[in-house]
Each structure stands twice: as structure tokens, then as C-alpha cells.
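Participant:
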Amino acid sequence: AIINANRVVPLSGEDFRGQFERDVLAGLSASQKTLPCKYLYDETGSKLFEAICELDDYYLTRTEAKIFARSLQDMAVTLGDSVILIEPGAGNCEKAEPLLEAMDNPRAYFPLDISPEILLAAQHRIRHRLPDLEIVPVIGDFTSGDAWSRLPVSNARKVIFFPGSTIGNFAPEQARDLLERFAENLDSGDGLLLGADLVKDSVILERAYHDSNHITEAFNKNLLTRINSELNGDFNTDAFAHRAFYHSLRQRVEMHLVSLVEQHVSVSGRHFSFTEGETIHTENSHKYTLPGLQTLLRDTGFSPEKYWTDDKQHYAICYAHV
Ligand code: AVJ
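Counting from 2, one number per residue, gives the positions in the sequence shown under UniProt numbering.
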């Protein structure tokens, strides 16, 4: 039987604010100013990201969904029967739901996320569609070992489900650390189903992150608005411009906020100056080649077994086992 070890104490509001403040002040003090991309997702930011996913210019979500729709049965067979599906950063769990429905007798679903509200709502919804499935939401940050140590213990076969090109937000070394952490939490024969965005024409990449509807611009600038309201900042969002470009050597799209003028900003009582043209680096979205993806998986203890792509090879979903 599965032991429900989900006696979870989520981060208190105080701890979260303290961490946010430390990260922001440290980031703005660096010579290349930077802000961690995870802070883009407050309530407004999450809504803006959902709007991004609907954009014609943002091909990622649509392409991944198409691959899933086309190959769901094949994926379900590859994953095997009586499997526990573990999803780090599950959010609303909308990608796992059809997969769980296609899978043969899934044993359980463990969605892992920092937001309890969204997980509990998803649990409710999935329980309705799959009444026999055991669902154990685990609240925590999937990059920390603490969250993983709170996963229920079971000897059933496990598959980690990591779609959405979330891996792209991790620099190569961090991506290896993360996949090593995944591997540590798996046993021989267990698997990983990973979604990753592929290297492609830079025009297509840049359009995805600098969309003609200016939603990505709003998403990027919302980080400044969030700092203003939560950390007593005085950023003038009109004095910054959204910039996104593909860095082909680093194989990543970088998102920045460019100061349009020389200016001074205060956050939590600390002062920061910007020269005209100086940027705050707010996000990296790393892109992979299929061989690069295989190398990443092999280097971290996985054996790539199968992958699915769209006709244009814009995006890949890969199954690997340990
Ligand atoms: C959620 C990390 C996959 O990098 O494409 C979208 C976030 N940033 N537009 C990505 C994002 C700007 C997205 N990921």
C-alpha cells in the first residue's frame, strides 16, 4: 500500500517574502542585473503565461499538445502498466490528465508543486474523471530535496513526467543537477517522460518570446510591478523595454528588461542605478537538439528509449529509463 506522507507544511508567507526579497536584492546588486524567472509566476504572471500559451507566435504549448494528442496511446504503452506518475511542477495538472486516462491501470499520481490551491483544485477535477486513481498532491519546490523526501514510499514502478519545456529554464549544469535528482528518486527500470523545445530558426524562436500581441512584454514587465507591490519598489515600467533574443552559441532565448534612460530605483529601501541601455536579465529558455537531449539524459544516468516530435521537429517528448 502507498503510505500517504503528505503532512505538508507549505512555505509560510513570511518565508516566501524573505526569500523573494533576498533574491531580488542580490540580483539587482550583481554587475549583470538579474531576477530569477520563477518569480514571473505570481497570480497575474500565471494568467499572462496562460495567455502566452494561446498565442499563434508561441508555438511551444500548441506543438507539445499536438504531439501528445497524436501519440498518447503509444506513450501510454511505452510507460507500461501499474505505474506511479510523478509530476514535478504539475500546476493545474492538465497535461497529466489525458495521459493518466490513456495509461493502463495507473497506480497513483503524485503532482508536486509550490501552489497548494492549484493542486487541490486539480486533484478534485481528476478524481472526478478517474475515481479509482490514488492522487497524492505534494506541496514543495521540486528543485529542493525536501519536497522529494516527502513523496509517498512505494515499490511500484515510477515514471517522472516533466513536460512543458520547463527543463529549458535551467542552465545546462542546473539541468544536469535536476535530472540527477530525478534519477536519485527512481529505481532501476523506472522512467522519465520529458518535453523539450528544440533548436530552430532564430526568427521563429524570437517571435515566440517577442510576440506581436505584446503579451510576453506584459509578462516580463509584471515582474517589476510585482516587486513594486510586494517589496515596496518604485520601478517605472514605462522606463523599461522588453527584449528577447536567441543566443545561438548558448542555445537559449534570453529575456531582458532594458532601461530606456539613466535612472535610479529603490526596492525595500535599497537604491539601484541603471545606465541607459543597461538590462535586467529575467529568463533563459534553453533549446536542445535531439543529440543534445540524449547526451543530457545519458550524462545523468538515463537511457533514452524513444522520442516523439512534430512534423517540423520543433519540439520533442522523450522517454528514458534508469
Ligand atoms: C514555461 C519555461 C516553458 O521558456 O518558453 C514563455 C516560459 N517565458 N514566454 C518558456 C516563457 C516567456 C516558458 N516555460
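Here a beta-carbon is modelled for each residue, glycine too, at the ideal position from N, C-alpha and C.
DSSP puts PRO89 in a beta bridge; with which residues?
Facilitator: DSSP lists LEU113 as partners of PRO89.
Participant: Which residues mark the beginning and the end of the beta strand (DSSP E) in which PHE241 is found?
Facilitator: That run of the beta strand (DSSP E) goes 241–248.
Participant: Round the Cβ separation of ILE87 and PHE69 to the nearest angstrom and send it over; I've been treating them as touching at under 8 Å.
Facilitator: Not confirmed; about 18 Å, so no contact.
Participant: Straight-line CA distance for TRP199 to GLY270?
Facilitator: The question names Trp, but residue 199 is Leu in the sequence shown. If you take the alpha carbons of LEU199 and GLY270, they lie about 42 Å apart.
Participant: Would you call PRO89 buried or exposed, if buried means 16 or more other Cβ atoms sit within 10 Å of its Cβ?
Facilitator: So PRO89 counts as buried.
Participant: Terminal residues of the continuous beta strand (DSSP E) containing ASP202?
Facilitator: First-last for ASP202: undefined, no H or E at that position.
Participant: When we look at the beta-carbon of ASN237 and count the other beta-carbons within 10 Å, is it buried (16 or more) or exposed?
Facilitator: Exposed: under 16 other Cβ atoms inside 10 Å.
Participant: If you check the beta carbons only, do TYR289 and ALA197 fall under 8 Å apart?
Facilitator: Taking 8 Å as the Cβ cut-off, TYR289 and ALA197 qualify as a contacting pair.
Participant: Kindly indicate the opening and closing residues of the beta strand (DSSP E) around LEU319.
Facilitator: It should be noted that the sequence gives Cys, not Leu, for residue 319. It spans 316–322 - the beta strand (DSSP E) in which CYS319 sits, taken as one unbroken run.
Participant: In this structure, does DSSP put VAL9 in helix, strand or coil?
Facilitator: Only weak support exists for where VAL9 lies, its pLDDT of 46 falling under 50; the value from the coordinates is given anyway. Three-state DSSP puts VAL9 in coil, outside helix and strand.
Participant: From SER189, ILE228, GLU44, pick the residue whose C-alpha is nearest to that of PRO37; which is it?
Facilitator: The shortest Cα separation from PRO37 among SER189, ILE228, GLU44 belongs to ILE228.
Participant: Quick one: what's got a C-beta closer than 6 Å to GLU181's C-beta in the same chain, skipping five residues either side?
Facilitator: THR301, listed in sequence order.
Participant: Please report the Cβ distance between ASN285 and ARG253, rounded to the nearest whole angstrom; I am assuming they are in contact, meaning their Cβ atoms lie under 8 Å.
Facilitator: The Cβ separation is near 5 Å, so the contact holds.
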